[in-house]
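Asker: Going letter by letter, the sequence shown gives residues 14 to 234 in this note's numbering.
C-beta: ideal position from N, C-alpha, C; glycine also.
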Amino acid sequence: MFKSIAIDGPAGAGKSDVSDILADKLNFIHVDTGAIYRTVAFYFKNKKDRLDETFVCSKLNNVFIDVKFDDNRQKMLLGGVDVSDKLRSDEISKIAAKISQFRCVRNFLLPIQRGIAKSNNVIMDGRDIATVVLPSANVKFFLTASLEERAMRRFKQLKSKNVECQYDEILSSIRMRDRNDLDRANSPLEVSKDAIFFDTTGKTIDEVIEFLMFEIKKVIN
Ligand code: DC
Numbered sequence: 014m015f016k017s018i019a020i021d022g023p024a025g026a027g028k029s030d031v032s033d034i035l036a037d038k039l040n041f042i043h044v045d046t047g048a049i050y051r052t053v054a055f056y057f058k059n060k061k062d063r064l065d066e067t068f069v070c071s072k073l074n075n076v077f078i079d080v081k082f083d084d085n086r087q088k089m090l091l092g093g094v095d096v097s098d099k100l101r102s103d104e105i106s107k108i109a110a111k112i113s114q115f116r117c118v119r120n121f122l123l124p125i126q127r128g129i130a131k132s133n134n135v136i137m138d139g140r141d142i143a144t145v146v147l148p149s150a151n152v153k154f155f156l157t158a159s160l161e162e163r164a165m166r167r168f169k170q171l172k173s174k175n176v177e178c179q180y181d182e183i184l185s186s187i188r189m190r191d192r193n194d195l196d197r198a199n200s201p202l203e204v205s206k207d208a209i210f211f212d213t214t215g216k217t218i219d220e221v222i223e224f225l226m227f228e229i230k231k232v233i234n
């Protein structure tokens, strides 16, 4: 039986960095489900003016997604082409926020996510992993932090990469993404009843990892 750890939470809570470190420590693979949604968004990049539900649902048959793991690092293929490094732009974030509201998109991606967990030990991060994708995960976490702290972390991360950005713009973009995640009718972001809730505001990444590893070790090994 393969093991699974679910990590849900809002944008900018640090799920991805934390999951990468945990995956290395445990020798699991880290499945970033946001990247899977972003790959669907990438398909619709040139069809931005037609992102209504009927149109998007009618095109999903043409979307060929493959998730590969190279040295435990996730690669996203669309129609056989590696698009992994094209998924982080603001444009793709906006399309992903839109199309992830649609039930047909969520249903389309469900078996892909579950399929990976069926044949690997996984740390899977996203918005609905504990509640919908892997309801029987061995350990479930919900990571969050204050809106301001999440925006500041993102701001510092972009600055350290010399990306020109404004704190206020990042703050309002994260606020908008929160609204999308919380208000959507289909699989909204919510804390699973059996998840361990952890507010990382004011915590260092080492402190977060220490707490999560402590909880994981109670259940796995
Ligand atoms: O985590 P992220 O910002 O890379 O996610 C991109 C988009 O996909 C975001 O709008 C939320 C959505 N998403 C989702 O609806 N369900 C998931 N399990 C993961 C991401």
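Near Phe-77, what residues of its chain come up, given a Cβ to Cβ distance below 6 Å and the 5 sequence neighbours on each side ignored?
Answerer: To locate residue 77, count along the sequence shown from 1; it is residue 64. Once the five neighbours on either side are set aside, the close Cβ partners of Phe-77 are Gly-92.
Asker: Hey, how far is the Cα of Lys-174 from the Cα of Ser-32?
Answerer: Counted from its first residue, the sequence shown places residue 174 at position 161. Counted from its first residue, the sequence shown places residue 32 at position 19. If I take the Cα positions, the gap works out to 21 Å.
Asker: Excluding the 5 residues flanking Ser-185 on each side, which residues of the same chain have their C-beta closer than 7 Å to its C-beta?
Answerer: Against the sequence shown, residue 185 aligns to sequence position 172. Here the set comprises nothing.
Asker: DSSP state of Leu-73, grouped into three classes?
Answerer: Against the sequence shown, residue 73 aligns to sequence position 60. Residue state, collapsed to three classes: helix.
Asker: So, are the CB atoms of Phe-1 and Phe-210 less than 9 Å apart?
Answerer: No information on residue 1 is available, as it lies outside the stretch 14 to 234 that the chain covers here.
Asker: Verify the contact flag: Lys-60, CB atom, against every heavy atom of the ligand DC, threshold strictly below 8 Å.
Answerer: Start at 1 with the first residue of the sequence shown, and residue 60 comes out as number 47. Every heavy atom of the ligand DC is 8 Å or more from the Cβ of Lys-60, so no.
Asker: Nearest to Ile-289 by CA position, among Phe-15, Ala-19 and Asn-75, is which residue?
Answerer: With the chain running from 14 to 234 in the structure shown, residue 289 is simply not present.
Asker: Which whole runs of the alpha helix (DSSP H) in the region 163-226 are 4 residues long or more, in chain order?
Answerer: Listed in chain order, they are 180-196.
Asker: Ser-205: buried (16+ other C-beta within 10 angstroms of its C-beta) or exposed?
Answerer: Numbered from its first residue, the sequence shown carries residue 205 at position 192. Classification of Ser-205: buried, given that the 10 Å Cβ count is 16 or more.
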